[in-house]
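One structure is given below, encoded as structure tokens.
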């Protein structure tokens, strides 16, 4: 549908309550016991049960795919290392965070802390 990426939603209803899970918001399961307000259960959080904990690979607050994101970065670094080892320049499409990117991130955090300490004023980065 226009404006939706996938919008897969699973709803299960029974005599004791209902469940709703949305594929585009996969870390959350809504549970509504009959006659009770709906309750939000987070992936790997309290109330999710030992079965869910057993198959949850990352802590609550980290989305599924978190580890795959790092794997993609490592794969890009490996491509650059292989190119250097073989005496070639890496393909320009190979991208990963550099030391300079890390330095810029630290400088941004330090500026945010200074800004907070000075009453939320603009601080040059």
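In the numbering used here, the protein residues as written are 873 to 997.
Glycine included, each C-beta is placed from N, C-alpha and C at the ideal position.
In this structure, residue 997 places its C-beta atom within 7 Å of the C-beta atom of residue 979. By the C-beta criterion, the region 891 to 902 is judged to be in contact with the region 873 to 883, since at least 3 inter-stretch pairs fall below 8 Å. Secondary structure at residue 982: helix, using DSSP grouped into helix, strand and coil. Between residue 945 and residue 968, the CB-CB gap stays under 7 Å. Closest by C-alpha distance to residue 896, out of 991, 947 and 937, is 937.
For the 7 Å CB-CB criterion, residue 916 and residue 928 form a contact. Taking a 10 Å sphere around the C-beta of residue 939, we find fewer than 16 other C-beta atoms and assign the residue as exposed. Burial state of residue 901 is buried, judged by a 10 Å Cβ sphere holding 16 or more other Cβ atoms. Separation of residue 888 and residue 903 (C-alpha to C-alpha, rounded to the nearest whole angstrom) is 11 Å.
Residues 987 of the same chain have their beta carbon placed closer than 7 Å to that of residue 993, with the five preceding and five following residues left out of the count.
Taking the Cα positions, residue 960 is about 45 Å away from residue 874.
Under the DSSP assignment, residue 929 falls outside any alpha helix (DSSP H); it carries neither an H nor an E label.
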